[in-house]
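*Asks:* Sharing a structure with you now.
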Amino acid sequence: MAELLEVRDLKIGATAYPPGEPPQDITIVHGVSFTLQKGKVLGLIGESGAGKSTIGLAALAYGRGGVRITGGEVLLDGEDILALGGSGIRDIRGRRVCYVAQSAAAAFNPAHRLGDQVVEAAVRHGVMSRSEAWERAKYLFGVLGLPDPDSFGRRYPHQVSGGQLQRAMTAMALCPGPELIVFDEPTTALDVTTQIDVLAAIKRAIEETHTAALYITHDLAVVAQISDDIMVLRHGNMVEYGSVQQIIEEPKEDYTRDLVSVTQTLKDEAPDQSDSLLRIDSVDAAYSGDFKVLHDVSVHLPRGQTLAVVGESGSGKSTLARVITGLLPPSRGEVIFKGAALPPEFANRNKEQLRQVQMLYQMADTAMNPRQTVRDIVGRPLTFYFGLRGAEKTRRVAELLEQIEMGKGFIDRYPAELSGGQKQRVCIARALAAEPEVILCDEPTSALDPLVAKGILKLLLRLQAETQLSYLFITHDIATVRAIADSIAVMYQGRVVRFGPKSKVLSPPFDDYTDLLLKSVPEMRLGWLEEVLTTRRMGSAGH
Amino acid sequence: MVQESGPAGTGRAPQGSLAAGLSGPSPANDSGAPSGRGGGLAALRRRMPLATLLAQRLGLSLLLLWAVSVVVFLGIEALPGDFAQTYLGQSATPQAVANIRAELGLDQPALSRYLEWLGGVAQGDFGKSWASGNSVTEQIGLRLGNTLFLAFWAALVSVPLAVGLGMLAVHFRDRWPDRLINVVSLGAISLPEFFVGYILILFVAVQGGWVTFPSTVYAGMSFGQRLEAIILPCATLVLVVLAHMMRMTRAAIISVMSSPYIETAELKGLDTLRIIARHAAPNAVAPIITVVALNLAYLVVGVVVVEVVFVYPGMGQYMVDAVTVRDMPVVQACGLIFASVYILLNMTADILGILTNPRLRHPR
C-alpha cells in the first residue's frame with residue numbers, strides 16, 4: 026500500500042451547448058486508471074482536448090466550468106476524495122494536494138502581495154503559523170532560484186517576470202508541504218531559455234521536498250526530463266502508460282511513436298542565392314517615439330526558400346514582419362522587393378505590391394471574421410485582387426480548399442465549426458488566394474498541437490515545392506526551424522545576432538546567445554536536463 | 328442583462344484610461360517638446376505615477392468646472408423671458424423695465440457680466456438674489472445643508488444595503504433570492520420617483536398615518552424631529568438608487584468570480600466567504616465605487632423632483648422657485664453647485680479607483 030494516489034476508472038463529463046441545438050451531455054474522459062507512489066512524478070501527455078488538465082483537476086475533486094466527475098474513484102491514501110463533502114474536500118485542497126496553473130500571471134490575485142498568497146493555504150489550514158510559513162516561503166524562494174528570497178514575497182504579481190511568477194506559483198504549491206502537486210503545463214507559456222530554469226527549479230524542489238507530482242504537458246521532451254512514468258492520453262482515453270524510458274525509447278503505440286518523432290527534419294537546405302526576392306536593408310524601427318525595437322536589421326530571402334526568424338518574446342521578430350508589410354514604417358533603412366524599394370507605409374503601396382506579400386498569423390481564430398463563412402473569407406482576396414465573382418469565385422475557392430487538403434465540403438462552414446488546424450489551413454488558403462510571392466508566417470504553428478503543427482508545416486513545404494513560394498517564418502521554436510528553414514536569422518533584443526544558411530547557423534562556433542538558445546531546447550532523451558545544467562554550472566564556474 | 332453589462336463597461340472605463348495614461352509618454356509630448364520639458368514630465372511620470380495621475384485628475388476637474396460655469400452662464404443667457412418683465416408684470420412700462428435692467432447691470436455686455444460673476448464666485452460670493460435682494464450665498468448655505476442632510480441619510484441606508492444585497496445575490500446566484508432581489512429592485516428603478524413618492528405619501532402618511540406630511544423642516548426643529556420628517560423622501564431616494572448600485576455590485580463580483588485567481592483560491596481549499604471577501608472584493612471595488620459615486624451624485628443633484636413632491640426646503644426646491652421668477656443669480660448658483668458636487672464625487676471615485684489599483688500604488 027505505498028500508493029499515494031490511485032485513480033480507478035475515472036469518468037468525466039460536461040454539458041455542451043452547440044449553437045442552435047439543445048444542450049448535450051458529452052464525455053471528456055472515458056474511464057482512465059493510474060497509480061502514483063509517494064515522491065514519484067507521473068507525466069500526463071496529450072494534445073489539447075485529450076482531457077489531461079481535467080484529469081489533473083480531478084485529483085483535487087474539482088471540475089472547471091461545467092465539468093462533472095461522473096464515475097470512478099480518486100483514492101488519496103486509500104480514501105475516496107470524490108465521496109467527501111464540501112468541508113472535507115476543502116480540507117484536502119491546498120493542504121494535501123496543491124495545484125500549479127499554466128498561466129501564473131492570471132492565477133495570482135493582482136491585489137495582494139506574492140508572499141501573502143504563497144503562505145495563505147498553509148496558514149488557513151493551520152499547518153503552520155504565519156511566521157513559520159513566511160520562513161518556509163523564503164526558503165522555497167531560494168530553492169527555486171528566485172532573486173533576493175528574503176524580500177521577494179513583499180512584491181506584487183505585476184512587479185515580477187513571467188518566469189518568476191511561475192516559480193512563485195510552485196513555491197505557493199509547495200509551501201503547505203503537500204503530498205501531491207498537480208502541475209498543469211507550468212512552462213508552456215514561457216520562453217525556451219526561461220523554461221529550462223523553471224523546469225530545473227521545479228525538479229529540484231520536488232526532489233528536495235519528496236513531493237509526488239502529476240505533471241501535465243503537451244511536450245514529450247519536457248516531461249521526459251522530469252517524470253518517472255508517463256501516460257499518453259488522446260480524446261479522453263489512455264493510449265499508453267509506462268515508465269519514461271519505455272515510452273521514449275520503445276513506444277508501443279503508433280500515436281506515441283508519432284509524438285516521439287514529431288521533431289524531425291522535413292526539408293534539406295537549399296543553396297543561398299545572391300539575387301534575393303526580399304531584402305531588408307539596415308532597418309531601424311521604433312514604436313511611439315524613442316522606444317527602438319529594431320536595430321540595424323539586414324536579412325535577405327531568395328525565391329522559393331524559407332528564412333526562419335527565431336528569438337524569444339520581445340526580440341523584435343513580429344516587428345520585423347510589421348515593417349515588411351508596411352504597418353510600421355521603419356525609421357531608417359528600406360525593404361527591397363524584387364530589386365525595388367517598397368514604399369515604407371502600406372497606404373502608399375499599390376494593389377500589386379500589396380498582393381505579393383501576404384500574412385499568416387499565430388491566432389487563426391482572431392485572424393478570421395467569425396461571422397463570415399469560409400467562402401467569404403477565402404473569396405475576399407479573389408474579389409479584391411482579381412475581381413472574381415459568382416460561380417467563378419466559388420470554383421476558385423473550391424480549388425484552393427483542395428490545395429490545402431480540406432476539400433470543398435468546408436465552403437459554407439463558419440470558423441467556429443473548424444478545428445484549430447483547419448482554421449490555420451483556411452488562413453493559408455486566404456493567403457494563397459492572392460497568389461503572393463512571399464508569405465510572412467508569424468508563429469503559425471505555435472498555438473497548435475505538435476502533430477497538427479507538423480501537418481501544417483508539411484503543407485507549407487509542399488506548396489513551396491509546387492509554386493516556388495518564399496516564406497519568412499517567425500518562430501521561437503528551434504525544432505520547427507530545423508524542420509523547415511533554408512536560412513536562419515537569430516534575433517536578440519532587436520538585433521540580428523546570427524544570420525546565414527541553416528547548416529552554418531546551427532553548427533559551432535556559436536555566439537553566446539545562440540548557444541544558450543540551442544542548449545535550452547528540450548531534447549527527447551533522458552538525462553538531457555541534468556547534462557545541460559552540469560555544463561552550465563561548469564561554464565559559470567569557469568568564468 | 329443589458330442593465331448589467333452597461334454599467335460594468337462604464338465601471339471599467341477609468342481603469343482603461345489609467346492604462347492609457349501609464350503607457351509611456353503620450354504622442355503629444357514626444358512630437359511637441361524635443362527634449363527638456365517632455366523628458367522631464369515623462370521622468371516624473373515614471374518615478375511618481377500615482378502623484379502625477381492624481382494631479383492630472385485634479386487639474387482636469389478644475390478645467391471641467393470652469394467649462395461648466397461657461398455653459399451655465401450661456402444657457403441662462405439664452406433662456407427666453409426677462410426678470411424685469413416678470414417682476415413688474417402688468418405695470419411694465421419700457422422706462423421701468425430699463426431702470427430695473429440698469430439697476431441689475433443687465434445693460435452691460437455679457438462678457439463683463441460673466442467675468443464679474445466668475446470673480447465673485449471665485450471668492451465664494453454668488454451675488455444677490457434679484458427677487459429678494461438677499462445674499463445668495465447665505466440662502467444657499469441653509470438650503471444646501473438640508474439637501475446634504477437628506478442625501479447623507481439616504482446614502483447611509485442605500486449604499487450598505489445595495490452592496491449587501493449584491494453580495495447576497497451573488498451567493499444565491501440564479502436561485503430564488505437572487506431573482507427576487509433582481510425583480511424587486513428592477514421594479515423600483517422602473518417607477519418614476521414622483522410616483523413612488525406619492526404612493527408612499529398615500530399609503531404611509533395619509534392612510535397609515537405613521538409619519539407626518541409634508542416633510543418640511545425649519546429652524547428650531549430638534550434632530551429627532553428632522554429625522555422623522557425626512558423618512559419618506561429618504562425612503563423614496565433609497566428605492567430609486569438602490570437597484571443600480573445593487574446590480575452593479577452583483578455584476579462586478581460575478582465578473583471577478585470567474586477569474587483564474589478565484590479558481591486558485593478555491594483550489595487552496597478556502598471557504599466561500601473568505602474567497603469573496605479577500606480575493607474577489609478588492610478587485611471588484613473599483614467599478615462598485617464608480618457606480619456608488621454616480622448614485623451619490625444623483626442623491627444631491629437629482630433630488631429636485633423629490634424635494635418638490637415632499638415640500639422639502641432643499642436646493643432643488645430653491646432652484647425651481649428661482650426659475651419660475653427668472654431669478655438668475657440663484658439659478659446660476661444652484662447650477663454651478665450641482666455641477667461641482669457631481670464633478671467632485673466623480674473625481675473622488677476616480678481617485679479611489681486609482682488608489683485601489685496595486686499596479687499604480689506599487690510601480691515596478
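Protein chains in written order, with the numbering used here: chain A, 26 to 568; chain G, 328 to 691. Heads up, the beta-carbon is just placed ideally off N, CA and C, and yes, glycines get one too.
On a CA-only basis, which of A:P203, A:V515, A:R396 is nearest D102 (chain A)? Give me that one, please.
*Replies:* A:P203
*Asks:* Within the continuous beta strand (DSSP E) that includes Q383 (chain A), where are the two ends?
*Replies:* 382-385
*Asks:* Please report the Cβ distance between R89 (chain A) and G38 (chain A), rounded to the nearest whole angstrom; I am assuming they are in contact, meaning their Cβ atoms lie under 8 Å.
*Replies:* Taking the Cβ atoms as the reference, R89 (chain A) lies roughly 13 Å from G38 (chain A), outside the contact range of under 8 Å.
*Asks:* Of all Cβ atoms in chain A, is any one closer than 7 Å to the Cβ of G680 (chain G)?
*Replies:* no
*Asks:* Between A:Y410, A:A126, A:A311, A:I305, which has its C-alpha nearest F362 (chain A)'s C-alpha?
*Replies:* A:I305
*Asks:* Between R520 (chain A) and the rest of its own chain, which residues show a CB-CB distance below 6 Å, the 5 nearest in sequence each way excluded?
*Replies:* For R520 (chain A), where only same-chain residues beyond five positions count, the Cβ hits under 6 Å are H320.
*Asks:* On the criterion of 16 or more Cβ atoms from any shown chain inside 10 Å, does F637 (chain G) qualify as buried, or is it exposed?
*Replies:* Per the 10 Å Cβ criterion, buried.
*Asks:* For the beta strand (DSSP E) holding V207 (chain A), just list the boundary residues, first then last.
*Replies:* Run containing V207 (chain A): 205-209, per the beta strand (DSSP E) assignment.
*Asks:* If you compare alpha carbons, which of G:L597, G:A660, G:L564 is closest to V630 (chain G)?
*Replies:* G:L564
*Asks:* Using a Cβ-Cβ cut-off of less than 8 Å, give me the residues of the stretch 572-593 of chain G that come near chain A, in sequence order.
*Replies:* S586, P587, Y588, E590, T591, A592, E593
*Asks:* Identify each residue in the stretch 114-131 of chain A for which the Cβ-Cβ distance to at least one residue of chain G is less than 8 Å, and report them in chain order.
*Replies:* I114, R115, D116, I117, R118, G119, R120, C123, Y124, A126, S128, A131
*Asks:* Cβ atoms of S252 (chain A) and Y240 (chain A): under 7 Å apart, would you say?
*Replies:* yes
*Asks:* For a minimum of 4 consecutive residues, which ranges assigned as the alpha helix (DSSP H) are wholly contained in the stretch 411-496 of chain G?
*Replies:* 421-431, 437-449
*Asks:* When the Cα of A249 (chain A) is compared with those of A:K36, A:A423, A:K529, A:W553, which residue comes out closest?
*Replies:* A:W553
*Asks:* Closest to N262 (chain A) by CA distance: which of A:K36, A:V522, A:T398 is it?
*Replies:* A:K36
*Asks:* Quick check: the Cα distance between A624 (chain G) and Y669 (chain G), rounded to an integer number of angstroms?
*Replies:* Going from the Cα of A624 (chain G) to the Cα of Y669 (chain G) covers about 5 Å.
*Asks:* Who are the near neighbours of Q383 (chain A) in its chain, counting only those whose CB is closer than 6 Å to its CB and skipping five residues on each side?
*Replies:* A456, A459, P461, I464
*Asks:* Ends of the alpha helix (DSSP H) at F569 (chain A)?
*Replies:* Lying before the first or after the last residue shown, residue 569 (chain A) is absent from chain A, which here runs from 26 to 568.
*Asks:* Strictly below 8 Å CB to CB, what residues from chain G border L85 (chain A)?
*Replies:* L594
*Asks:* Taking the C-alpha atoms as reference points, what is the distance between A423 (chain G) and L387 (chain G)?
*Replies:* 45 Å
*Asks:* Pick out whichever of G:G451, G:I557, G:A515, G:A496 has its Cα sitting closest to the Cα of N473 (chain G).
*Replies:* G:I557
*Asks:* Looking at the C-beta of R500 (chain G), does it have a partner C-beta in chain A at a distance below 7 Å?
*Replies:* no
*Asks:* Just list the residues that DSSP pairs R118 (chain A) with in beta bridges.
*Replies:* According to DSSP, R118 (chain A) bridges with A:V122.
*Asks:* Is the CB of N271 (chain G) under 7 Å away from at least one CB in chain A?
*Replies:* There is no way to answer for residue 271 (chain G), as the model of chain G reaches only from 328 to 691.
*Asks:* Between the C-alpha atoms of V399 (chain G) and E443 (chain G), what's the straight-line distance to the nearest angstrom?
*Replies:* For V399 (chain G) and E443 (chain G), the distance between alpha carbons rounds to 15 Å.
*Asks:* Since Q191 (chain A) and L171 (chain A) should fall inside the 8 Å C-beta cutoff, what is the C-beta to C-beta distance between them, to a whole number of angstroms?
*Replies:* The pair is not a contact, with the Cβ atoms about 11 Å apart (cut-off 8 Å).
*Asks:* Would you mind working out which of G:S582, G:V618, G:R601, G:T599 sits nearest A570 (chain G), comparing C-alpha positions?
*Replies:* Checking every option, the nearest Cα to that of A570 (chain G) belongs to G:V618.
*Asks:* Give me whichever residues DSSP pairs with K36 (chain A) in a beta bridge.
*Replies:* A:H55, A:G96
*Asks:* Using a beta-carbon distance cut-off of less than 7 Å, what residues from the stretch 176-192 of chain A approach chain G?
*Replies:* Y181, H183, Q184
*Asks:* If we define contact as Cβ-Cβ less than 7 Å, is P534 (chain A) a contact residue for chain G?
*Replies:* no
*Asks:* Taking 7 Å as the limit between beta carbons, can you name the residues of its chain near V144 (chain A), skipping five residues before and five after?
*Replies:* Its chain contains R155, A158, W159, A162, C200 as the residues whose beta carbon lies nearer than 7 Å to that of V144 (chain A), once the 5 sequence neighbours on both sides are disregarded; these appear in chain order.
*Asks:* From the beta carbon of A146 (chain A), is the nearest beta carbon of chain G less than 7 Å away?
*Replies:* With 7 Å as the cut-off, A146 (chain A) counts as an interface residue toward chain G.
*Asks:* Measuring CB to CB, does L61 (chain A) end up less than 7 Å from L67 (chain A)?
*Replies:* yes
*Asks:* Considering only residues of the same chain and omitting the five flanking positions on each side of L488 (chain A), which have a CB-CB separation below 8 Å?
*Replies:* So the qualifying residues of the chain are Q428, I453, L457, L494.
*Asks:* Quick one: which residues of the stretch 655-689 of chain G get their C-beta closer than 7 Å to a C-beta of chain A? List them in chain order.
*Replies:* Cβ contacts with chain A: P685, R686, H689.
*Asks:* Rounded to whole angstroms, how far is the Cβ of G351 (chain A) from the Cβ of F371 (chain A), which I believe are closer than 8 Å?
*Replies:* 3 Å
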